[in-house]
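Numbering (our numbering), first residue to last: 407 to 609. For each residue, glycine too, the CB sits at the ideal point set by N, CA and C.
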């Protein structure tokens, strides 16, 4: 059973512990209190604490503050995890669950947005073919010249190609595959004689 007591400064209450249960649970407390016995050094406990008291017959809960403290406690055979939140000027609030939706009804401070970044590209981008747009490997190597006005290269290997097209000796483009490379520099392609690569550039 729960017990409720209001303790003035220096006042205490005795608790029959071991014979009534194993755990002392502080359900509610307006401030911390001191728990002690003949074989237990005084220890400060507060709201939400659960203490194993199975080794003690009688314990004393005392108010060591200058103000009155109201407490509610229980001695039980099983430990109980309470929802008590320990709040004071130095602690944060721990939330175990939210029982109802949280609604924001008022914004106390105005929200200021600064440093807005324009996400749209103000300069139009167009795709144009390089040479005829379809380059055939007359030898095993093709070179696409550099262009300072270029933003990116767009490459697509023909579906009928017999081998991969290798870009700059690193990137392999399978038949039917495509890729975009952000470069203005000269690009070298290798492939099988007769294979085709479609080439365009974004400017």
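Residue j and residue i - do their beta-carbons sit closer together than 8 Å?
{"i": "residue 549", "j": "residue 592", "result": "yes"}
{"i": "residue 452", "j": "residue 443", "result": "no"}
{"i": "residue 558", "j": "residue 608", "result": "yes"}
{"i": "residue 415", "j": "residue 472", "result": "yes"}
Using DSSP's beta-bridge definition, name the partner residues of residue i.
{"i": "residue 610", "result": "Since the first residue shown for the chain is 407 and the last is 609, residue 610 is missing from the structure and cannot be characterised."}
{"i": "residue 435", "result": "477"}
{"i": "residue 607", "result": "534 and 559"}
{"i": "residue 442", "result": "466"}
{"i": "residue 395", "result": "Given a span of 407 to 609 for the chain in the structure shown, any question on residue 395 remains unanswerable."}
{"i": "residue 572", "result": "578 and 596"}
{"i": "residue 422", "result": "464"}
Shortest alpha-carbon distance to residue i belongs to which of the options?
{"i": "residue 487", "options": "432, 583 and 563", "result": "432"}
{"i": "residue 566", "options": "472, 598, 574 and 581", "result": "581"}
{"i": "residue 422", "options": "472, 473, 413 and 481", "result": "481"}
{"i": "residue 461", "options": "427, 448 and 468", "result": "427"}
{"i": "residue 570", "options": "555, 479, 590 and 603", "result": "603"}
{"i": "residue 554", "options": "449, 568 and 590", "result": "590"}
{"i": "residue 588", "options": "573, 596, 597 and 601", "result": "573"}
{"i": "residue 583", "options": "596, 563, 597 and 595", "result": "563"}
{"i": "residue 463", "options": "472, 414, 445 and 595", "result": "445"}
{"i": "residue 479", "options": "534, 467 and 535", "result": "467"}
{"i": "residue 434", "options": "408, 450, 578 and 414", "result": "408"}
{"i": "residue 575", "options": "595, 568 and 556", "result": "595"}
{"i": "residue 568", "options": "597, 556, 578 and 577", "result": "597"}
Leaving out the 5 sequence neighbours to the left and right, which residues in its chain are closer than 6 Å to residue i when beta-carbon positions are compared?
{"i": "residue 560", "result": "586 and 606"}
{"i": "residue 457", "result": "430"}
{"i": "residue 470", "result": "440"}
{"i": "residue 542", "result": "602"}
Using a Cβ-Cβ cut-off of 7 Å (strictly less than) and excluding sequence neighbours within five positions of residue i, which residues of its own chain qualify?
{"i": "residue 411", "result": "419 and 477"}
{"i": "residue 436", "result": "475 and 476"}
{"i": "residue 447", "result": "none"}
{"i": "residue 539", "result": "604, 605 and 606"}
{"i": "residue 578", "result": "570 and 572"}
Report whether the distance from the Cβ of residue i to the nearest heavy atom of the ligand MG is below 7 Å.
{"i": "residue 455", "result": "The model depicted lacks the ligand MG and carries no ligand whatsoever."}
By Cβ distance below 8 Å, which residues in the same chain neighbour residue i in space, the five residues on each side in sequence not counted?
{"i": "residue 544", "result": "599"}
{"i": "residue 492", "result": "The predicted model places residue 492 with a pLDDT of 47, which falls under 50 and marks its position as unreliable; any figure quoted below should be read in that light. The answer, listed in chain order, is 452, 453, 454 and 500."}
{"i": "residue 532", "result": "608 and 609"}
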